[in-house]
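Residues are numbered in my numbering as their position in the sequence shown, beginning at 1, plus a constant of 3.
Backbone N, C-alpha and C fix where the C-beta goes; we use that ideal spot for every residue, glycine too.
Because the structure is a prediction, the values reported are computed rather than measured.
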Amino acid sequence: MKKITLLFLFPVLMLAQEKATTVAPKQSGKYDTNKFSQMYDLLATPNMFRTASGAPGPAYYQQQADYKIDVELDDKNAKLSGSEAITYYNNSPDSLEYLWVQLDQNQAAKDSESPLADSDRMEQTFPASNFTNKFLKQDLERGFNIEYVKDVKGAPLSYTINHTMMRINLATPMKPGATISFSIKWWYNINNYQLEGGRSGYELFEKENNRLYVIAQFYPRMAVYNDVEGWQNMQFWGGGEFALPFGNFDVNITVPADHVMEATGELTNRSEVFTPAQVKRYELAQKSFDKPVVIVTQEEAEAAEKGFSTKKKTWKFSAKNVRDFGIATSRKFIYDAMAVKLNDKVVMAASVYPKEANPLWGETSTMMVAHTLKSYSSHTFDYPYPKAVSVSAADQGMEYPMICWNFGRPDENGVTSEQIKNGMIGVVIHEVGHNFFPMIVNSDERQWTWMDEGLNSFMEFMAEDELGTNFPSRRGPAKNIVPYMSGDQKYLEPIMSNSEGIIQFGNNAYGKPATGLNILRETIMGRELFDHAFKVYANRWKFKHPTPEDFFRTMEDASGVDLDWFFRGWFYSTDFVDIGISNVKQYYVTETPTAALKNAKVRRGRFGVETGPFVYLVEGDSAELSSKDKKALKIEEVKLLSDYVSTLSKEEKGSLKSPKYFYEVEFNKPGGMIMPILVELTYEDGTVENFKYPAQIWRKSNETAKKVYATEKAIKKIQIDPKLETADIDVTNNTWPKEAVKSKFD
Numbered sequence: 004m005k006k007i008t009l010l011f012l013f014p015v016l017m018l019a020q021e022k023a024t025t026v027a028p029k030q031s032g033k034y035d036t037n038k039f040s041q042m043y044d045l046l047a048t049p050n051m052f053r054t055a056s057g058a059p060g061p062a063y064y065q066q067q068a069d070y071k072i073d074v075e076l077d078d079k080n081a082k083l084s085g086s087e088a089i090t091y092y093n094n095s096p097d098s099l100e101y102l103w104v105q106l107d108q109n110q111a112a113k114d115s116e117s118p119l120a121d122s123d124r125m126e127q128t129f130p131a132s133n134f135t136n137k138f139l140k141q142d143l144e145r146g147f148n149i150e151y152v153k154d155v156k157g158a159p160l161s162y163t164i165n166h167t168m169m170r171i172n173l174a175t176p177m178k179p180g181a182t183i184s185f186s187i188k189w190w191y192n193i194n195n196y197q198l199e200g201g202r203s204g205y206e207l208f209e210k211e212n213n214r215l216y217v218i219a220q221f222y223p224r225m226a227v228y229n230d231v232e233g234w235q236n237m238q239f240w241g242g243g244e245f246a247l248p249f250g251n252f253d254v255n256i257t258v259p260a261d262h263v264m265e266a267t268g269e270l271t272n273r274s275e276v277f278t279p280a281q282v283k284r285y286e287l288a289q290k291s292f293d294k295p296v297v298i299v300t301q302e303e304a305e306a307a308e309k310g311f312s313t314k315k316k317t318w319k320f321s322a323k324n325v326r327d328f329g330i331a332t333s334r335k336f337i338y339d340a341m342a343v344k345l346n347d348k349v350v351m352a353a354s355v356y357p358k359e360a361n362p363l364w365g366e367t368s369t370m371m372v373a374h375t376l377k378s379y380s381s382h383t384f385d386y387p388y389p390k391a392v393s394v395s396a397a398d399q400g401m402e403y404p405m406i407c408w409n410f411g412r413p414d415e416n417g418v419t420s421e422q423i424k425n426g427m428i429g430v431v432i433h434e435v436g437h438n439f440f441p442m443i444v445n446s447d448e449r450q451w452t453w454m455d456e457g458l459n460s461f462m463e464f465m466a467e468d469e470l471g472t473n474f475p476s477r478r479g480p481a482k483n484i485v486p487y488m489s490g491d492q493k494y495l496e497p498i499m500s501n502s503e504g505i506i507q508f509g510n511n512a513y514g515k516p517a518t519g520l521n522i523l524r525e526t527i528m529g530r531e532l533f534d535h536a537f538k539v540y541a542n543r544w545k546f547k548h549p550t551p552e553d554f555f556r557t558m559e560d561a562s563g564v565d566l567d568w569f570f571r572g573w574f575y576s577t578d579f580v581d582i583g584i585s586n587v588k589q590y591y592v593t594e595t596p597t598a599a600l601k602n603a604k605v606r607r608g609r610f611g612v613e614t615g616p617f618v619y620l621v622e623g624d625s626a627e628l629s630s631k632d633k634k635a636l637k638i639e640e641v642k643l644l645s646d647y648v649s650t651l652s653k654e655e656k657g658s659l660k661s662p663k664y665f666y667e668v669e670f671n672k673p674g675g676m677i678m679p680i681l682v683e684l685t686y687e688d689g690t691v692e693n694f695k696y697p698a699q700i701w702r703k704s705n706e707t708a709k710k711v712y713a714t715e716k717a718i719k720k721i722q723i724d725p726k727l728e729t730a731d732i733d734v735t736n737n738t739w740p741k742e743a744v745k746s747k748f749d
């Protein structure tokens, strides 16, 4: 029998009847709704402040707080004293009866409620230092001591302290458009953060009795007032970070004369605090774009750390349009810096670190600062500040405008393991990256940790990938989040949870959002659409206060992609991804109908017809093909299509395909999370073909989906998500024929 090209343009393929196979999906989410419904039930109603497109509206406003601060460090007693003058601008349409100020140092005060709000348990073994601190030592004197709050004329202002918040009571309401100035004087004892915890404090070098200070939350700070919730009124419990308004800072910091310092803002009296030789080195660094220039050498730092100067020196910094201020100071600091070109502007990348951090920090830190600024700028906007500084601080990872503290040091012999080096590189990129999120794109960290940590972890992943070193990124790759998403539902909560209510903080607020954004970029939207939308979001909301709704809406608005199904599942539920192959059937071609098909109607377009010629596809001998069924087509049963093909023109005949093998593959979805289906076919000759079906394939059935493959070559293997792009928690059902999965022991 002569074989002829099979017709594929004639849409009258008839499938054999089959026994229904039903696989019940395993629902994992904490919501019960149509997974493709729009998020009207979850998002705030658009208004004149925030539009439905995700952009600031015509009535959008934000407050401003300017600070003039004088602080002095008592190094001998680890005490900080200061006074500040705050000028507050009411740009809202509301009259304000009072002002709220954050006193974050009070989280460690004797009367703090933070320890009372956490469950406690007795351990069977304790490190001696932990046991001593927990059970033997008296509570330390911590928290702000407010000496006065005065108005611009020096008269006392009424105030009420509620733990980490202070209400300043106004005699008359502050009208829209009004400005008020007042002053506060305070002091507090600085904590040893390695013993007491905390996001700032000092590190003690016991051999020489030297301290390395990383100082933050050191001044009473204005809380945010906005259109979303009025005053930010959540206490600082220690987890959720900080929501702050933008403003201008002029800060004078008095420290021992032998200290070297970096801080937020531009140093305005460099020649007064550095030696002439160090000033010249800094000027060289401003022209060095390839590598850092050492400004304060290790020899100079070692000489300084041996003495304890009784003289004082005041460093003066000025910062414009920042939301906070951080300081790092020590007589142990080595200091290096280099220039970074970002289109038409130049910014400085710098690091300060003790000798204990070398050679790792001298070789790596500032180079990573420069790399981060270039990478993040390329995906968002050019870094707008004049500098970015990385500070070596043991056991720390924390960020402030233009400055951050980072862990990672060699051992006592100067040897650095790959693990320590990679950890240090990762934390430098991450903390420097926080300049973009949330220091500039200023989300509310107290409410939504993921909006800064999650977005920043995603940006960190891209920056690490752009190193070109196969960097072992912890967060971002889809496969890395699988252990978390497949965990016990009792210990999972949606990403859209308040910072203080998250059990697995790192996985929930860092890892899962970063993974979700990576899946959006690589698998769902594609880089071109995603990158454009993400850049639109960053530029719409730089130096403003975005909410989750603003992010979700902008990503859709700027890409033309409906992502409600993704945000609903990935951010608002604990659904997991699990897509499998539930059935594979093979069909062969015949023109002779079986008894069951003899009187069946065939669909052509929208209408059923009963006239021929027909091509019948008959199910093979086995509904579940085994790997031994190499030959899928029985040649002797093939009937010619010549009656139809002979009616085609020569050109039409030449364009026809010639499939020999027909497979119907049924996919099921035990997991509740919607996701595209990524299919890889491997043929008997070893060649591979990939198919991608959008998430909308599940829109009419949340349980199963089917696809038919008509191929010229026999299929040897079918695999779902072969590159592990979707965070599928169970790959044992991803392959046909089913393959044995190696155990961890194997």
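Alpha helix (DSSP H) segment containing residue i, residue limits
i	result
L681	Looking at the DSSP string, L681 is not in any alpha helix (DSSP H); the run it does join, the beta strand (DSSP E), is 680-686.
W573	567-575
R556	551-560
I836	An answer regarding residue 836 cannot be provided, because it is not within the stretch 4 to 749 covered by the chain.
N459	453-468
Own chain residues within Cβ distance below 7 Å of residue i, not counting five before or after
i	result
A62	M51, F52
W544	V444, D553
M371	I428, V431, I432
S312	P259, A260, D261
Cut-off 6 Å between Cβ atoms - residues of its own chain near residue i, not counting five sequence neighbours on either side
i	result
F574	I498, M499
M676	G572, D578, F579, V580
K314	A260
Y712	Y666
Between the CA atoms of residue j and residue i - distance to the nearest angstrom
i	j	result
Y151	W103	16 Å
R524	C407	28 Å
W739	N693	15 Å
N737	M225	53 Å
P549	E126	42 Å
Y34	E654	Only weak support is given to the placement of Y34: the predicted model assigns it a pLDDT of 46, under 50, and the value that follows is read from those uncertain coordinates. Straight-line Cα distance between these residues: approximately 55 Å.
D73	S84	8 Å
E232	S378	34 Å
T48	R571	16 Å
A353	R702	52 Å
A260	I330	16 Å
T24	M678	At T24, the pLDDT of 36 sits below 50, so the modelled position is not reliable and the matter cannot be decided from this model.
D447	F439	14 Å
Q67	I700	48 Å
F239	H166	9 Å
Residue i: first and last residue of the uninterrupted beta strand (DSSP E) it sits in
i	result
Q422	Here Q422 belongs to no beta strand (DSSP E); instead the alpha helix (DSSP H) covers 421-436.
W1	The requested residue 1 is not part of the displayed model; the chain covers only 4 to 749.
S333	330-333
Y87	First, the amino acid is wrong: residue 87 is Glu here, not Tyr. Where E87 is concerned, the enclosing beta strand (DSSP E) stretches over 82-92.
Nonlocal neighbours in the same chain, by C-beta distance under 8 Å from residue i, ignoring five residues either side
i	result
M764	Coverage of the chain is limited to positions 4 through 749, which leaves residue 764 absent and any answer about it impossible.
I505	G242, T452, E496, N511, A512
K178	N93, S98
For residue i, the residue or residues it bridges with in DSSP
i	result
T163	R170
T383	According to DSSP, T383 bridges with nothing at all.
E692	L684
T722	In the sequence as displayed, the identity of residue 722 is Gln instead of Thr. In the DSSP output, where bridge partners are listed per residue, Q722 has E683, T738.
Distance CB(residue i)-CB(residue j) smaller than 9 Å
i	j	result
P404	R530	no
L345	D385	yes
I584	I732	no
S98	P176	yes
N255	T317	yes
L520	F461	yes
A246	V263	no
M465	H382	yes
G57	R556	yes
G204	N194	yes
K716	Y664	yes
Y338	V299	yes
beta-carbon residue i near the ligand FMN non-hydrogen atom, thresh 8 Å
i	result
K348	With respect to the ligand FMN, the structure shown offers nothing to examine, as it has no ligands at all.
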